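A.B. asks: Residues 191 to 544 (my numbering) make up the sequence shown, in order.
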Amino acid sequence: MGCLLAKLGFGQAHHHEELVEEPPKQYSWDKRKEINVKDYMIENQSDLTLGRIPGQVNGQQFVIQNCKNCNIYVFDYIATINIDDCVDCNIFLGPVKSSVFIRDCKNCKIVVACQQFRTRDCSKIDVFLCCNTQPIIEASSGMKFACYQYHYPELKMQFKMAGLSVFSNNWGTIHDFSQDPDEQHYSLLPEESKVSDLIPIPSTEQFESVSVSTSQVDSVVPLTLGPRRKTSDESSLVVFFNDGRNTNSIRARQFIDQLLQNQPGIVLVQTRDITMEPNDALRVFGTENFASFVQKGAVIGLEFNGDGCIETVQSALRAFQQEQICDYFCSESRSEAEKQIEDFYNYADMQMAV
191 MGCLLAKLGF GQAHHHEELV EEPPKQYSWD KRKEINVKDY MIENQSDLTL
241 GRIPGQVNGQ QFVIQNCKNC NIYVFDYIAT INIDDCVDCN IFLGPVKSSV
291 FIRDCKNCKI VVACQQFRTR DCSKIDVFLC CNTQPIIEAS SGMKFACYQY
341 HYPELKMQFK MAGLSVFSNN WGTIHDFSQD PDEQHYSLLP EESKVSDLIP
391 IPSTEQFESV SVSTSQVDSV VPLTLGPRRK TSDESSLVVF FNDGRNTNSI
441 RARQFIDQLL QNQPGIVLVQ TRDITMEPND ALRVFGTENF ASFVQKGAVI
491 GLEFNGDGCI ETVQSALRAF QQEQICDYFC SESRSEAEKQ IEDFYNYADM
541 QMAV
């Protein structure tokens, strides 16, 4: 007869399962790379060529401050940027998703594309600009502006990542917030001004992988006359409608390049990328025929100018249509064109102000 205590297990060794502590759960926000703000700052530098190459900023905020006699290049898209207390610097900035704020700087040359542009307490700043809203200067003097001209292979995609349109460029419509409205605080750079004459293309080892062009033909942003005096009393409005796949921006750029190459007497005055409702289309185009077109997406508007512009543009569009099937509007007479251009760009300005 066995021992009752033994049967009950008394006096026998017990084998307990070891408790293994579970590792804490990892979430996606825990895996984000810790940001070192110093990677997104250039400060306290003198007499140097420096900056960032594509892929080193990736839409982060950026700061440039207290630099003197430097060539600074940021070849990447940026969330927002502050430039403070810089003197005698040449600065190139990749597309800026939000605002560029320049304060207490003097004798600088800048190339930038952005959503918003603002300066305060600056003097003698030359800017090659693409701005999707109206640029603002405040308590600044000796400011000079020209149309943005720049290209490198990654730039077009960086514009897209920053949400900027190359066709909504208000580079010359400056709003001056200065307290002494009787003084002229800004002007336009000479029409023949080139980016490369003011801001050198970088040649240091850091930037040898970035292939830069500053020519009008290569520029991601089309060159526009802006508020400069037109060469002719005759202008034409061309609008490329969306096909639902946003290819109208490609078609618009192709047409601009072909027309200006073949017709050197024609200039591109201004461009806009806007959305329209059927009622807006009726008011601008004077017909309901384009109501369904504007409902497919944003439209690209182009103003051309030059002697014989109406007939020249119409003929070029007919030839272009044979190569690139697309829906478009084109002014048919000088009298209609003047009103159409005024109505289209007034509507674009109202939309920008909303």
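Glycine residues also receive a C-beta, built at the ideal position from the N, C-alpha and C atoms.
Here the structure is a predicted model, which means the values were calculated and not measured.
CB-CB under 8 Å to residue 402, same chain, minus the five flanking residues each way: which ones, in chain order?
C.D. replies: Locating residue 402 in the sequence shown gives position 212, where the first residue counts as 1. For residue 402, where only same-chain residues beyond five positions count, the Cβ hits under 8 Å are 340, 341, 342, 391 and 392.
A.B. asks: Let's see if you can read the secondary structure: which residues bound the beta strand (DSSP E) around residue 326?
C.D. replies: Counting from one through the sequence shown, the residue named residue 326 turns up at place 136. From DSSP, the beta strand (DSSP E) with residue 326 extends over 326 to 328.
A.B. asks: Need the endpoints of the beta strand (DSSP E) that residue 489 sits in, please.
C.D. replies: If you number the sequence shown from 1, residue 489 lands on position 299. It spans 489 to 495 - the beta strand (DSSP E) in which residue 489 sits, taken as one unbroken run.
A.B. asks: Along the chain, where does the alpha helix (DSSP H) that runs through residue 189 open and close?
C.D. replies: An answer regarding residue 189 cannot be provided, because it is not within the stretch 191 to 544 covered by the chain.
A.B. asks: With a threshold of 6 Å on Cβ separation, who are the neighbours of residue 336 within its own chain once the five nearest residues in sequence on each side are excluded?
C.D. replies: Your numbering for residue 336 matches position 146 in the sequence shown. Once the five neighbours on either side are set aside, the close Cβ partners of residue 336 are 318, 379 and 383.
A.B. asks: How many Å lie between residue 327 and residue 309 at the Cα?
C.D. replies: Numbered from its first residue, the sequence shown carries residue 327 at position 137. Numbered from its first residue, the sequence shown carries residue 309 at position 119. Rounded to the nearest angstrom, the two C-alpha atoms are 5 Å apart.
A.B. asks: In chain order, which beta strand (DSSP E) runs of at least 3 residues are fully inside the segment 298 to 332?
C.D. replies: The qualifying runs are 313 to 321 and 326 to 328.
A.B. asks: Note down, in chain order, each residue of its chain lying with its Cβ closer than 6 Å to the Cβ of residue 529, except the 5 sequence neighbours on either side.
C.D. replies: Your numbering for residue 529 matches position 339 in the sequence shown. Nothing listed; no residue qualifies.
A.B. asks: Indicate the three-state DSSP secondary structure (helix, strand or coil) for residue 408 in the structure shown.
C.D. replies: Against the sequence shown, residue 408 aligns to sequence position 218. Looking at residue 408 - three-state DSSP - the assignment turns out to be coil, as it is neither helix nor strand.
A.B. asks: Let me know if residue 316 comes out buried or exposed under the rule of 16 or more other beta-carbons within 10 Å of its beta-carbon.
C.D. replies: Counting from 1 along the sequence shown, the entry for residue 316 is found at position 126. Buried.
A.B. asks: What three-state label does DSSP hand residue 350 in the structure shown?
C.D. replies: What you label residue 350 is simply residue 160 of the sequence shown in a count that begins at 1. In the structure shown, residue 350 sits in a helix (DSSP, three-state: H, G or I).
A.B. asks: Quick one: what's residue 334 bridged to in DSSP?
C.D. replies: Sequence index remark: in the sequence shown, residue 334 carries index 144 (1-based). According to DSSP, residue 334 bridges with 316 and 377.
A.B. asks: Below 8 Å on the Cβ atoms is my guess for residue 424 versus residue 497; work out the distance and round it to an integer in Å.
C.D. replies: The residue labelled residue 424 in the question sits at position 234 within the sequence shown. The residue labelled residue 497 in the question sits at position 307 within the sequence shown. Confirmed, about 6 Å.
A.B. asks: Say whether the segment 288 to 302 touches the segment 270 to 280, bearing in mind that this needs 3 or more beta-carbon pairs closer than 8 Å, one atom from each stretch.
C.D. replies: Counting Cβ pairs under 8 Å, three or more are found: they touch.
A.B. asks: Thinking C-beta only, is residue 304 closer than 8 Å to residue 359?
C.D. replies: Here residue 359 is taken as the residue at index 169 of the sequence shown, counted from 1. Here residue 304 is taken as the residue at index 114 of the sequence shown, counted from 1. In this structure, residue 304 does not lie closer than 8 Å to residue 359 by Cβ.
A.B. asks: Quickly, what does DSSP pair residue 231 with across the bridge? List them, please.
C.D. replies: Sequence index remark: in the sequence shown, residue 231 carries index 41 (1-based). Residue 231 pairs with 253.
A.B. asks: Mind checking which residues open and close the alpha helix (DSSP H) that includes residue 428?
C.D. replies: For the purposes of this step, residue 428 is taken as residue 238 along the sequence shown, with counting starting at 1. First-last for residue 428: 425 to 430, but that is the beta strand (DSSP E), not the alpha helix (DSSP H).
A.B. asks: Please look up how many angstroms separate the CB atoms of residue 474 and residue 421, rounded, as I've assumed it's under 8 Å.
C.D. replies: One-based indexing of the sequence shown puts residue 474 at position 284. One-based indexing of the sequence shown puts residue 421 at position 231. That pair is no contact at about 25 Å.
A.B. asks: Within a Cβ cutoff of 6 Å, which residues of the same chain sit near residue 270, ignoring the five residues on either side of it in sequence?
C.D. replies: Your numbering for residue 270 matches position 80 in the sequence shown. Here the set comprises 251, 288 and 289.
A.B. asks: Here's the rule I'm using: 16 or more other beta-carbon atoms within 10 Å means buried, otherwise exposed. How should residue 237 be labelled?
C.D. replies: Position 47 of the sequence shown holds residue 237. Residue 237 should be labelled exposed.
A.B. asks: Going by C-alpha to C-alpha distance, which of 533, 387, 331 and 409 sits closest to residue 345?
C.D. replies: Indexing the sequence shown from 1 puts residue 345 at position 155. The shortest C-alpha separation from residue 345 is found at 409.
A.B. asks: Which first and last residues belong to the beta strand (DSSP E) in which residue 271 is found?
C.D. replies: Looking up residue 271 in the sequence shown gives position 81. Residues 271 to 274.
A.B. asks: Identify whether residue 474 lies in helix, strand or coil by the three-state DSSP scheme.
C.D. replies: Here residue 474 is taken as the residue at index 284 of the sequence shown, counted from 1. Here residue 474 sits in helix by DSSP.
A.B. asks: Can you tell which of 323, 330, 299 and 300 has the C-alpha that lies nearest to the C-alpha of residue 311?
C.D. replies: Taking the first residue of the sequence shown as 1, we reach residue 311 at position 121. Closest option to residue 311, Cα to Cα, is 330.
A.B. asks: Beta-carbon within less than 8 Å of residue 247's beta-carbon, same chain only, minus the 5 sequence neighbours each way: which residues are those?
C.D. replies: Taking the sequence shown and counting its residues from 1, one reaches residue 247 at position 57. These residues qualify, in order along the chain: 230, 264, 266, 267, 268 and 284.
A.B. asks: Tell me, please, whether the segment 448 to 456 touches the segment 517 to 531 by the rule of three or more beta-carbon pairs shorter than 8 Å.
C.D. replies: With the cut-off at 8 Å, the segment 448 to 456 and the segment 517 to 531 do not touch.
A.B. asks: At a cut of 8 Å, does the segment 436 to 443 reach the segment 499 to 507 through at least three beta carbon pairs?
C.D. replies: The segment 436 to 443 is not in contact with the segment 499 to 507.
A.B. asks: Evaluate residue 225 with the Cβ neighbour count: other Cβ atoms within 10 Å of its Cβ, from every protein chain shown; 16 or more gives buried, anything less gives exposed.
C.D. replies: Numbered from 1 along the sequence shown, position 35 holds the residue referred to as residue 225. Residue 225 is exposed by the Cβ-count criterion.
A.B. asks: Go ahead and pull the three-state DSSP assignment for residue 258.
C.D. replies: The residue labelled residue 258 in the question sits at position 68 within the sequence shown. Strand.
A.B. asks: Assign residue 586 to buried or exposed, taking buried as 16 or more other Cβ atoms, counted over all protein chains shown, within 10 Å of its Cβ.
C.D. replies: Only positions 191 to 544 of the chain appear in the structure, and residue 586 is not among them; the question remains open.
A.B. asks: Check whether the Cβ atoms of residue 541 and residue 446 sit closer than 8 Å, and answer yes or no.
C.D. replies: Taking the first residue of the sequence shown as 1, we reach residue 541 at position 351. Taking the first residue of the sequence shown as 1, we reach residue 446 at position 256. No, the Cβ-Cβ distance between residue 541 and residue 446 is not below 8 Å.
A.B. asks: Start and end of the alpha helix (DSSP H) containing residue 385?
C.D. replies: As a working note, residue 385 is residue 195 in the sequence shown. 385 to 388 is the extent of the alpha helix (DSSP H) around residue 385.
A.B. asks: Rounded to whole angstroms, what's the CA-CA distance from residue 260 to residue 395? Just pull it up for me.
C.D. replies: Translated into positions along the sequence shown, residue 260 becomes position 70. Translated into positions along the sequence shown, residue 395 becomes position 205. Roughly 16 Å between the two C-alpha positions.
A.B. asks: Taking all protein chains shown into account, do 16 or more other C-beta atoms lie within 10 angstroms of the C-beta of residue 244, making it buried, or fewer, making it exposed?
C.D. replies: What you label residue 244 is simply residue 54 of the sequence shown in a count that begins at 1. Label assigned to residue 244: buried.
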